[in-house]
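Undergrad: My questions all concern the structure below.
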Amino acid sequence: MSKQTHSFQAEVQQILHLVTHSLYSNKEIFLRELVSNASDACDKLRFEALDNAALYEDQPNLELRVLFDAEAKTITIRDNGIGMSAEEAVAHLGTIAKSGTREFMARLEGDQKKDANLIGQFGVGFYSGFIVADRMTVETRRAGAPADQGVRWSSTGSGDFEVETIDKPGRGTDVILHLREGEEEFLSAWKLKSIIGKYSDHISLPILMRKETWDEEKKAQVPTDEWETVNKAAALWTRSKSDITDAEYQDFYKQISYDQQAPLAYTHNRVEGRTEYTQLLYVPAKAPFDLWNRDKRGGVKLYVKRVFIMDDAEALMPVYLRFVKGVIDSADLPLNVSRELLQESRDVKAIREGSTKRVLSMLEDVANSDEPSQKDKYAAFWKEFGQVLKEGIGEDFANRERLAKLFRFASTHADEGVSLADYVSRMKEGQDAVYYITADSLAAAKGSPQLEIFRKKGIEVLLLVDRVDEWMLSHLYEFEGHALTSVAKGAVDLGKLQDEDEKKAAEQAAEASKPLVDKLKASLGERVKDVRVTTRLVDSPACVVVDEGDVSAHLARMLKAAGQEAPKAQPILEINPQHALVRRLDAPEGAEQFDDLAALLFEQALLAEGGQLEDPSAFVRRISRLLVGG
1 MSKQTHSFQA
11 EVQQILHLVT
21 HSLYSNKEIF
31 LRELVSNASD
41 ACDKLRFEAL
51 DNAALYEDQP
61 NLELRVLFDA
71 EAKTITIRDN
81 GIGMSAEEAV
91 AHLGTIAKSG
101 TREFMARLEG
111 DQKKDANLIG
121 QFGVGFYSGF
131 IVADRMTVET
141 RRAGAPADQG
151 VRWSSTGSGD
161 FEVETIDKPG
171 RGTDVILHLR
181 EGEEEFLSAW
191 KLKSIIGKYS
201 DHISLPILMR
211 KETWDEEKKA
221 QVPTDEWETV
231 NKAAALWTRS
241 KSDITDAEYQ
251 DFYKQISYDQ
261 QAPLAYTHNR
271 VEGRTEYTQL
281 LYVPAKAPFD
291 LWNRDKRGGV
301 KLYVKRVFIM
311 DDAEALMPVY
321 LRFVKGVIDS
331 ADLPLNVSRE
341 LLQESRDVKA
351 IREGSTKRVL
361 SMLEDVANSD
371 EPSQKDKYAA
381 FWKEFGQVLK
391 EGIGEDFANR
401 ERLAKLFRFA
411 STHADEGVSL
421 ADYVSRMKEG
431 QDAVYYITAD
441 SLAAAKGSPQ
451 LEIFRKKGIE
461 VLLLVDRVDE
471 WMLSHLYEFE
481 GHALTSVAKG
491 AVDLGKLQDE
501 DEKKAAEQAA
511 EASKPLVDKL
521 KASLGERVKD
531 VRVTTRLVDS
541 PACVVVDEGD
551 VSAHLARMLK
561 AAGQEAPKAQ
571 PILEINPQHA
581 LVRRLDAPEG
591 AEQFDDLAAL
601 LFEQALLAEG
611 GQLEDPSAFV
621 RRISRLLVGG
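Printed below as a string of structure tokens:
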């Protein structure tokens, strides 16, 4: 093939512009990315060679080499992995097929535009070479192809790239960086070794560099023909825990997650028994940008006998733990395992259950610690991942009780951090239920009239304001034998928390107000399911609730906002007969305005609960008539 010129895909051109003009912090990550790509290429060869050993040709040992030429100002990252054909070079180096490119560019154009560490998150690591190079050359040949089918790809990163056929005796890929002015610091064995040690020490393949010797004439270190391994060349998770420092664990996490913050917690274990596997799992300190995409799960890498199999082994971790990062290395799974086999394998089920329990234990250790720093750490975790963890209550029946103990809420006693165990420990004598209210916001929950009697009696109520809470409540019915009870559903029944005098007074008030209740029912008609006297109100004239089995008004609003039709649940109007507005309704002078006052009573109760009026203009006209009428 003669030399051909191609244009980059539009998204690549945008990324290249940002890479060359914006990414100037932590430039050294270019080596991390290119070494990682080279390691992946070797993993792919090892995987394909399971079915075709001839792909190894005459080089059965996989390795990476890093070379530099101070005079030519070049750095070369060489691997003897799978390599690329001409078509693959054009496709892989000229286009971006992975999702997340737009988010990547949005991040770079925003507050984090100087952060080169972002580049690895979005599958565009190859282009990080242009952070330090004004030209990149790739010489590659696919394993199994003839020597005369090598390919040379080159570009200055300005919008076009050239591809031509070359002779390349050895399989694999050489990525050659032609450094731009001012980047000479990377033309040093010490510098390159320190970067490899920092970011790529865990890679299980040997990374080789030429040994150096002192040249008296040049008064400098010069490379020899001998090669030395500059990384430990042993997968971190295969080493003994006692031989690994905390810093090494954290560096490995940063390498696999592209996260520059230390993880919140990690666990490293070798599991033996019917199923043997090693797990090294991390809980991040910050949520990733795609946390809410339930289909995007790239957190856990699967290895079989240290052979890399796949990046996003979703079968190994439940969806609600999709934020967990790490590695699972199985000794039992077949090397040619597929995604379909993963779904059906008993061994995979055992690994999934064991790993889930291990992550929950890790979270429990942080959550239950008495150390203030650990409590702060769990509070930070809950703020980032709490809503996702709540999804587990309906997805993981086996761990439902453990999950419930990890949940944290706001309540009338505290704005955050209240566990169900905390709530139960503070329950009043004679209290049987765990009371809660759902609302669109913390302010709306705190201001709800349904809380008035509970506040008066000092009974704690959980304030649930996350969108996932309504779904969670459909699966979480009780905690340690105490039913979870909504203060906005059904008639309020405080049981032993009300004394006999209070109950008797409530019965008398209900009997005395029966004519008014009947009159309100007639006036409001089909707008309400029922009207009744309540003891839950102290300062407000009225509130609306729904029957015990009906969909809550909060859930109905959320379903409507999502474009779904919610089951129709007519509200019940509860009135406070002691309130001046209700007494006015019952007074003779209120007879002329009764319908207006009744409608206003209902509508303001609806608004206080967070609902919407069917006819806001009619509400305004009623208020105007009442104001004018004095």
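Each residue of the sequence shown is one higher than the one before, starting from 1 at the first, in our numbering. Glycine included, each C-beta is placed from N, C-alpha and C at the ideal position. Bear in mind that the values here come from a model prediction, so they are computed numbers and not experimental data.
If you run the structure through DSSP and keep just helix, strand and coil, what is residue 460?
TA: DSSP places residue 460 in coil when its eight states are reduced to three.
Undergrad: For residue 139, list the residues DSSP reports as bridge partners.
TA: Residue 139 pairs with 152 and 174.
Undergrad: If you measure between the beta carbons of residue 406 and residue 437, is that distance less than 8 Å?
TA: Their beta carbons are not under 8 Å apart, which means residue 406 does not touch residue 437 by this criterion.
Undergrad: Thinking C-beta only, is residue 534 closer than 8 Å to residue 480?
TA: No.
Undergrad: Inspect the beta-carbon positions of residue 571 and residue 529 and report whether they are closer than 8 Å.
TA: Yes, they are a contact pair.
Undergrad: Anyone know if the C-beta pair for residue 619 and residue 603 falls short of 8 Å?
TA: Going by C-beta atoms, residue 619 is nearer than 8 Å to residue 603.
Undergrad: For residue 122, count the other beta carbons within 10 Å of its own beta carbon; 16 or more makes it buried, fewer makes it exposed. Which is it?
TA: Any reading at residue 122 needs caution, since the residue's pLDDT is 48, under 50, leaving its predicted position unreliable; the model's value is listed next. The residue in question, residue 122, is buried, as its Cβ has 16 or more Cβ neighbours within 10 Å.
Undergrad: Mind checking whether residue 264 and residue 247 have CB atoms under 8 Å apart?
TA: No, these two residues do not count as a Cβ contact at 8 Å.
Undergrad: Answer yes or no: do residue 275 and residue 311 have a C-beta to C-beta separation smaller than 8 Å?
TA: Contact flag unset, no.
Undergrad: If I measure Cβ to Cβ from residue 523 and keep anything under 6 Å in the same chain, skipping five residues before and after, which residues do I get?
TA: Here the set comprises 595 and 598.
Undergrad: How long is the line joining the alpha carbons of residue 99 and residue 29, rounded to whole angstroms?
TA: Note that residue 99 scores a pLDDT of 42, beneath 50, so its modelled location is shaky; the value from the coordinates is reported in the next line. Spanning the two alpha carbons is a distance of roughly 21 Å.
Undergrad: Classify residue 494 as buried or exposed, calling it buried when 16 or more other Cβ atoms lie within 10 Å of its own Cβ.
TA: Buried, since its Cβ has 16 or more Cβ neighbours within 10 Å.
Undergrad: Which residue marks the beginning of the alpha helix (DSSP H) containing residue 470, and which one marks its end?
TA: Run containing residue 470: 469 to 473, per the alpha helix (DSSP H) assignment.
Undergrad: Where does residue 617 sit, in a helix, a strand or coil, going by DSSP?
TA: Reduced to three states, the DSSP call for residue 617 is helix.
Undergrad: What alpha helix (DSSP H) runs, 4 residues minimum, are completely inside the region 476 to 516?
TA: The region 476 to 516 contains these whole alpha helix (DSSP H) runs: 500 to 512.
Undergrad: I'd like to confirm the pairing. Which residues does DSSP put opposite residue 326 in its beta bridges?
TA: 281 and 300.
Undergrad: Measuring only the C-alpha atoms, how far is residue 584 from residue 516?
TA: When rounded, the distance between both Cα atoms is 11 Å.
Undergrad: Spatial neighbours of residue 472 within its chain, please: CB distance less than 6 Å, with the 5 preceding and 5 following residues excluded, ordered by chain position.
TA: Hits under 6 Å: 390 and 393.
Undergrad: Distance check for residue 458 and residue 421, CA to CA, integer angstroms please.
TA: Rounded to the nearest angstrom, the two C-alpha atoms are 18 Å apart.
Undergrad: What would DSSP say about residue 555, mapped onto helix, strand or coil?
TA: Residue 555: helix per DSSP, three-state reduction.
Undergrad: What's the call for residue 652, buried or exposed, on a 16-neighbour Cβ count within 10 Å?
TA: For residue 652 there is no data in the structure shown, the boundaries of the chain being 1 and 630.
Undergrad: Round the Cβ separation of residue 540 and residue 489 to the nearest angstrom and send it over; I've been treating them as touching at under 8 Å.
TA: Actually they do not touch by this definition, with Cβ atoms about 18 Å apart.
Undergrad: Should residue 628 be labelled buried (16 or more other beta-carbon atoms within 10 Å of its own) or exposed?
TA: Result: exposed.
Undergrad: If you draw a straight line from the alpha carbon of residue 306 to that of residue 475, how long is it in whole angstroms?
TA: Straight-line Cα distance between these residues: approximately 40 Å.
Undergrad: Name the residue from 153, 198 and 504 whose alpha carbon lies nearest to the alpha carbon of residue 85.
TA: Closest option to residue 85, Cα to Cα, is 153.
Undergrad: Residue 57 CB to nearest chain C CB: under 8 Å?
TA: In the structure shown, chain C does not exist; there is a single protein chain.
Undergrad: Quick check on residue 199: buried or exposed, where buried means 16 or more other Cβ atoms within 10 Å of its Cβ?
TA: By the 10 Å Cβ count, residue 199 comes out buried.
Undergrad: By Cβ distance, which residues of its chain are closer than 7 Å to residue 144, with the 5 residues on each side in sequence left out?
TA: Closer than 7 Å at Cβ, skipping near neighbours: 54 and 55.
Undergrad: In the structure shown, what three-state DSSP assignment does residue 362 receive?
TA: Helix.
Undergrad: Once you ignore the five residues that flank residue 48 on each side, which residues in its own chain have a CB closer than 8 Å to its CB?
TA: These residues qualify, in order along the chain: 55, 82 and 143.
Undergrad: Work out the CA separation of residue 269 and residue 289 for me, nearest whole Å.
TA: Near 29 Å, if we compare the C-alpha coordinates of residue 269 and residue 289.
Undergrad: Which stretch, first to last residue, makes up the alpha helix (DSSP H) that contains residue 29?
TA: That run of the alpha helix (DSSP H) goes 29 to 48.
Undergrad: Should residue 163 and residue 91 be called a contact, given that it needs their Cβ atoms to be closer than 8 Å?
TA: Cβ atoms of residue 163 and residue 91: not closer than 8 Å.
Undergrad: Where DSSP assigns a beta bridge to residue 544, which residues make up the other side?
TA: Its beta-bridge partners are 573.
Undergrad: Using a Cβ-Cβ cut-off of 7 Å (strictly less than) and excluding sequence neighbours within five positions of residue 224, which residues of its own chain qualify?
TA: Once the five neighbours on either side are set aside, the close Cβ partners of residue 224 are 210, 211, 212 and 213.
Undergrad: Please report the straight-line C-alpha distance between residue 639 and residue 204, rounded to a whole angstrom.
TA: There is no way to answer for residue 639, as the model of the chain reaches only from 1 to 630.
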